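To start, the structure itself, in structure tokens.
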């Protein structure tokens, strides 16, 4: 298994996190995302991903782009306990809502972060921030309802790929000048996600345990 | 300062990529004293316009090897003026050596010896192994290194290797080292003593594992390289402090700070870090020579002696008058 | 950003900052907001709640990004640890040095009542800290949610009154939401933002709960519309 | 557009606006636009390849050094740009990690760069690890002639010195503050013990509370790939970013008593005293 990866990418971290939780070994192929923009070079566009984006997963010959798609593939193929992407149709439907929401978070909160930290001045920072607040309010409302009914996660009764898909760029939103202060239920969810046993973070998202690798 | 004796560098070679080995023969061609395994000698490092710096290095001599002192010294690129100076020493140069002392002797009562060396910690342990080998005593030597190329004084370990008493552990991470030690220190045999020398964290790990395995206290010996250098003026002595504004005078006992003494006499001074770093308690000195222990004042301010941080600093003179 | 606006209205000394069940013993640290003062709140193993200024006295790092380690709050930057009294109990970088005894995290008076954590904005103001924490007035059996509203507390109060709610105590209004008897507790986070903590007098059926939550969202929309129309 | 800054020690200094690569393909008509001290600045290369910069209609004094662009806002530099001999030393490999934006005062960014106490927490498993948290005492000295500060004899135990490394190493460090918005760190060169790698931190202050931190490596390492070297520095910066952006207030207080240091902060105390003695106010609370 090979993952085209970059340390500061929240989308790549979704896959690193899930491969770690599934205990799957993989080759971490670092891409010089910044400043060399290796993912926009012709060789990358032709051999790896025509959209010039990461992460991309290669699993004995099968190549797949898009973080959410990779989460679905890995869960369907390797999660023997069927907890991360259960087969129940209603639950799958609900999870799909949040896989779509994850893209919206990438388009807004992650874009604001790229603007503020890596100088992507082509993004309209005001629109990105307003868009992120809109998404976070929807998530806070949803999580408030879930928590009122005794549930902690976006869908179902335990963490699924829906939570993985929405977590990183929400946790990193402050790096794009967006705080989640006014979303109490969302903040509880962020802390719960980090409290999972064997949680591993990334640069900018700290693990609560000091010792685990 | 104990009597020093001039020695000449007779031979120098790199026994590993970052450990230099030396043979230092006495300039007066007389024999060196018989070396007790585990002993170290004082190196006098001359510094222009300053008292010489004293550094301790363990001796690797085998029994009966009395024509020269043998050392192995790890290159610390930016050490406290110690080993980087030594690495510039070339054959033929002279250097002054001081007393030979042994704070890490083999136990006479021990019937079995477990030698544990981490990196440069091999030097005193090597002397022990050679002595135990010569007396065909019962011992095992476990030597932890970053890589094969970091095994020092291989030629002096050949007999131990031939007897199957040498065990080199290469490239283990902290958890790997701990696992090996847990196995070695599990259930000490009667009369078995363990000796350990190496970097601080290596010795701490040995200490932790030994305690967890209930290794008897008196059967565990360490050679702590960072032996706290005994600076003559570090021994505190009591002195008097007078506050010029109020005229009150109070005695600052050993182990008490000026701030504590003043508080006891009813004078409060605002402090913050209480470690001589932040400068909140900065006070003018009216008269007397302050004994600076802070990490705040610049060299010039220190030498001028007009300022003091009373939360940590003391006095070199019996009376110190402060602008308080 | 961290200086409290000052306590004009004596009655608002104590404010409900977050629901008690948000703080799990010796586990998490939750941010609280009180009239512009940012707070870091956590619960000790023994169950006591601490409400601290959200700033480590060492280098000003927010305590809410730290962690709880053996019942002490450990700062994320250098790992300094603070016990439940706010005293500094560990400086890992200099373990052998004596700890600065006077070093204290700034703490605020805190009390738990009606399932909520109440904090007094008047840290150190002796008179205010004497004010007894509120006793239970409304029926607060079921916590519905905390509603983040982008409007000053005054506008939220006005809208509550407009929707038939009655002020029945400090920061407390009672009325009905989608047919359910409800109590709303207001927390002035900043001059521009308010939290409305919504409780029901009994546990609702799932459908009823969903209606109440829908009503909360509409209520929020109306308040924010009122606030933006007044200011624009 | 004038610079929103009245601090002469900053206006008369050399401030970077990024690496030269940022002006590739840029012209006077389509310049590289960036913000410095609250003003919009435009930079380009003229036909002859010479660097030029302006803010509004006013042209700015700009020079090219170490592959970076340096502007003296007042046009009257107090002294030459700091020396970085390591940049042109044979055998060293120069790698530009470019810059990462951080919403904090440039002074706090430099202070973070000078600190070892946070390694086991912010850079757990990379630059340090609990329980080896003690920072051994080190020496601090001010070089009056060059007006720079040095921390020497610093060392800290690092659990992993490269991706493949299995055992830790007592890494030696030396820190050098070259100006309020710039510092250089020297550390043990892992592939060549006995030599010291150099890392330059150049800070571009967009305003008093937001900057871009550029990182330039001058390493004795021809083993690692450029992607790995840059990736490692970005990981370190990425780990520091949420810490720096969660420091309150964003500007750095210089008066003792507001933020309480411990013994291992000796270099940071010297830095703050040095800033106060020079009259620095930009990005600071006096």
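Protein chains in written order, with the working numbering: chain Y, 270 to 482; chain V, 4 to 327; chain G, -4 to 227; chain E, 226 to 511.
Glycine included, each C-beta is placed from N, C-alpha and C at the ideal position.
Remember, it's a predicted structure, so these values are computed and weren't measured experimentally.
What do you get for residue i, buried or exposed, if any count of 16 or more other CB atoms within 10 angstroms of its CB means buried?
{"i": "residue 434(Y)", "result": "buried"}
{"i": "residue 217(V)", "result": "exposed"}
{"i": "residue 356(E)", "result": "exposed"}
{"i": "residue 322(Y)", "result": "buried"}
{"i": "residue 153(V)", "result": "buried"}
{"i": "residue 331(Y)", "result": "exposed"}
{"i": "residue 52(V)", "result": "Note that residue 52(V) scores a pLDDT of 45, beneath 50, so its modelled location is shaky; the value from the coordinates is reported in the next line. Exposed: under 16 other Cβ atoms inside 10 Å."}
{"i": "residue 17(V)", "result": "exposed"}
{"i": "residue 249(Y)", "result": "It is not possible to answer for residue 249(Y), since the shown part of chain Y is limited to 270 through 482."}
{"i": "residue 38(G)", "result": "buried"}
{"i": "residue 273(V)", "result": "exposed"}
{"i": "residue 301(Y)", "result": "buried"}
For residue i, which residues in chain E fall below 7 Å Cβ to Cβ?
{"i": "residue 57(G)", "result": "471, 473"}
{"i": "residue 176(V)", "result": "391, 392"}
{"i": "residue 472(Y)", "result": "460, 463, 464"}
Cβ closer than 9 Å: which chain E residues qualify as neighbours of residue i?
{"i": "residue 126(V)", "result": "In chain order: nothing, as chain E lies at least about 17 Å away."}
{"i": "residue 74(G)", "result": "342, 343, 345, 346, 355, 358"}
Tell me where the beta strand (DSSP E) around residue i begins and ends.
{"i": "residue 379(E)", "result": "373 to 383"}
{"i": "residue 390(V)", "result": "Coverage of chain V is limited to positions 4 through 327, which leaves residue 390(V) absent and any answer about it impossible."}
{"i": "residue 33(G)", "result": "32 to 38"}
{"i": "residue 275(Y)", "result": "Segment: none, residue 275(Y) is in no beta strand (DSSP E) and carries neither H nor E."}
{"i": "residue 432(E)", "result": "421 to 432"}
{"i": "residue 343(E)", "result": "Where residue 343(E) is concerned, there is no enclosing beta strand (DSSP E), given that its DSSP letter is neither H nor E."}
{"i": "residue 38(V)", "result": "It is not in any beta strand (DSSP E) - residue 38(V) carries neither H nor E in the DSSP assignment."}
{"i": "residue 113(G)", "result": "111 to 115"}
Less than 6 Å between C-beta atoms, sequence neighbours within five positions excluded: which residues of the same chain meet that for residue i?
{"i": "residue 223(V)", "result": "197, 213"}
{"i": "residue 459(Y)", "result": "440"}
{"i": "residue 141(V)", "result": "115"}
{"i": "residue 160(V)", "result": "169"}
Please confirm whether any heavy atom of the ligand NAP lies closer than 7 Å to the CB of residue i.
{"i": "residue 265(E)", "result": "For the ligand NAP, the structure offers nothing, since it holds no ligand at all."}
In the DSSP assignment, find the alpha helix (DSSP H) that holds residue i and state where it starts and stops.
{"i": "residue 347(Y)", "result": "336 to 347"}
{"i": "residue 150(G)", "result": "148 to 157"}
{"i": "residue 122(V)", "result": "Taken as a continuous stretch (DSSP letters only), residue 122(V) belongs to no alpha helix (DSSP H), as it is neither H nor E."}
{"i": "residue 412(Y)", "result": "394 to 417"}
{"i": "residue 312(Y)", "result": "311 to 316"}
{"i": "residue 438(Y)", "result": "430 to 440"}
{"i": "residue 182(V)", "result": "177 to 187"}
My assumption, with CB atoms under 8 Å, is that residue i sits in contact with residue j. Please give the rounded CB distance.
{"i": "residue 366(E)", "j": "residue 302(V)", "result": "7 Å"}
{"i": "residue 9(V)", "j": "residue 30(V)", "result": "4 Å"}
{"i": "residue 167(G)", "j": "residue 153(G)", "result": "Going by Cβ atoms, the distance from residue 167(G) to residue 153(G) rounds to 16 Å, so no, they are not a contact pair."}
{"i": "residue 195(V)", "j": "residue 113(V)", "result": "7 Å"}
{"i": "residue 470(E)", "j": "residue 330(E)", "result": "About 11 Å separates the two Cβ atoms, so there is no contact after all."}
{"i": "residue 442(E)", "j": "residue 322(E)", "result": "7 Å"}
{"i": "residue 510(E)", "j": "residue 474(E)", "result": "7 Å"}
{"i": "residue 394(Y)", "j": "residue 381(Y)", "result": "6 Å"}
Which bits of chain E does residue i rub up against, with CB to CB less than 8 Å?
{"i": "residue 78(V)", "result": "418, 419"}
{"i": "residue 276(V)", "result": "485, 486, 487"}
{"i": "residue 20(V)", "result": "418"}
{"i": "residue 92(G)", "result": "487, 488"}
Residues in its own chain within less than 7 Å of residue i by CB, not counting five upstream and five downstream?
{"i": "residue 252(E)", "result": "269"}
{"i": "residue 317(Y)", "result": "273, 325"}
{"i": "residue 447(E)", "result": "318"}
{"i": "residue 6(G)", "result": "Residue placement at residue 6(G) is poorly supported in this model, since its pLDDT is 44, which falls under 50; the coordinates still yield a value, given next. Cβ neighbours of residue 6(G) beyond the five flanking positions: 165."}
Give the residues of chain G in contact with residue i, contact being defined as C-beta atoms less than 9 Å apart.
{"i": "residue 467(E)", "result": "60, 71"}
{"i": "residue 290(Y)", "result": "The premise fails here: residue 290(Y) is roughly 21 Å from chain G at the closest Cβ pair, so nothing lies under 9 Å."}
Name the chain V residues that come within less than 8 Å of residue i, Cβ to Cβ?
{"i": "residue 494(E)", "result": "280, 281, 282, 298, 299"}
Closer than 7 Å by beta-carbon distance: list the chain Y residues that pair up with residue i, in chain order.
{"i": "residue 422(E)", "result": "Under the 7 Å cutoff, chain Y gives no residues; its nearest Cβ is about 20 Å from residue 422(E)."}
Can you name, in chain order, every residue of its own chain whose Cβ lies under 8 Å from the Cβ of residue i, other than the five neighbours on each side?
{"i": "residue 427(Y)", "result": "352"}
{"i": "residue 229(V)", "result": "For residue 229(V), the predicted model reports a pLDDT of 47, less than 50, meaning its position is unreliable; a value from the coordinates is still stated below. If we look at residue 229(V) and ignore the five residues flanking it on each side, its Cβ neighbours are 203."}
What residues of chain Y sit near residue i, judged by a beta carbon separation below 9 Å?
{"i": "residue 409(E)", "result": "By Cβ distance, chain Y contributes nothing, its closest Cβ being about 21 Å from residue 409(E), past 9 Å."}
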